[in-house]
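Using the working numbering, read the sequence shown as starting at 37 and increasing by one per residue.
Reading through the structure tokens given below for one structure.
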Amino acid sequence: MIERFTISIDPELMAAFDAFITQKGYENRSEAVRDLIREELSAQRLEEAESAGQVVACLSYVYNHDERRLASRLVDAQHRLHHMSRATMHVHLDSHECMEVMILEGAAAEVRRFADDVIAERGVRHGQANLVPLRPVRDHGSHTHGEPAARP
Ligand code: NI
Numbered sequence: 037m038i039e040r041f042t043i044s045i046d047p048e049l050m051a052a053f054d055a056f057i058t059q060k061g062y063e064n065r066s067e068a069v070r071d072l073i074r075e076e077l078s079a080q081r082l083e084e085a086e087s088a089g090q091v092v093a094c095l096s097y098v099y100n101h102d103e104r105r106l107a108s109r110l111v112d113a114q115h116r117l118h119h120m121s122r123a124t125m126h127v128h129l130d131s132h133e134c135m136e137v138m139i140l141e142g143a144a145a146e147v148r149r150f151a152d153d154v155i156a157e158r159g160v161r162h163g164q165a166n167l168v169p170l171r172p173v174r175d176h177g178s179h180t181h182g183e184p185a186a187r188p
């Protein structure tokens, strides 16, 4: 069941929003609005969870592996935080540049601190962390991963 609602908006803001939609490649306004609402609600849940809550996070960054001390500092940091690290992917972009993507899970504050530390490292560029709050009860039985749902 889909709910529909109408909103009032001034032409200038509408034009800016339409430009945003085009730039982001959304099919239509509804999809863009849904994503913005989800993002905002998720940010709010994240704030609520920030003190004690658990999150999963995707941390990505680019660095030059010729900076030996940086490369080993990053590896040291990853080993120190191994209890939060779910997966790390290292991609050699060219003969010098590397991109790493880390999936972290842990207390929101601790994950945030680690991500901020890595991003702030000198020589780390394009650092970004996307924290996703986990629901209080993690129920993996109620959704599928594309396979047909089991019949009752
Ligand atoms: Ni590399």
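For every residue, glycine included, the Cβ atom is placed at its ideal position computed from N, Cα and C.
Neighbouring residues (CB closer than 6 Å to any heavy atom of ligand 1): H101, H126, H128, C134
Starting from the C-beta of R74, find all residues in its chain whose C-beta is less than 6 Å away, skip the five residues before and the five after it, and write them out in chain order. Correct list: empty, nothing qualifies.
DSSP state of I242, grouped into three classes? Coverage of the chain is limited to positions 37 through 188, which leaves residue 242 absent and any answer about it impossible.
Please report the distance separating the alpha-carbon of Y97 from that of H115. 17 Å
Would you list the residues sitting across from H118 in a DSSP beta bridge? Note: H118 sits in no beta bridge, so no partner.
In three-state DSSP terms, what is E136? Here E136 sits in strand by DSSP.
Whole angstroms is fine: what's the gap from Q59's alpha carbon to L72's? Between Q59 and L72, the alpha-carbon positions lie close to 15 Å from each other.
My output table needs one value for E63: the three-state DSSP class, helix, strand or coil. Of the three classes helix, strand and coil, the one that applies to E63 here is coil, per DSSP.
Report buried or exposed for A156, applying the criterion of at least 16 other Cβ atoms within 10 angstroms of its Cβ. exposed
Return the chain-ordered list of same chain residues with a C-beta closer than 8 Å to the C-beta of I57, the five sequence neighbours on each side being excluded. Shown here for I57: same chain residues with a beta carbon closer than 8 Å to its own, the five before and five after excluded, namely N64, R65, A68 in chain order.
For E39, tell me which candidate among P47, R70, S121 has the shortest Cα-Cα distance. Between E39 and the set P47, R70, S121, the nearest pair of CA atoms involves R70.
Applying the 10 Å Cβ sphere with the 16-neighbour rule, what's the burial state of R174? With a pLDDT of only 49 at R174, under 50, the local geometry of the prediction cannot be trusted, and the value read off the model is given with reservation. Burial call: exposed.
Beta-carbon within less than 8 Å of Y62's beta-carbon, same chain only, minus the 5 sequence neighbours each way: which residues are those? A68, D71
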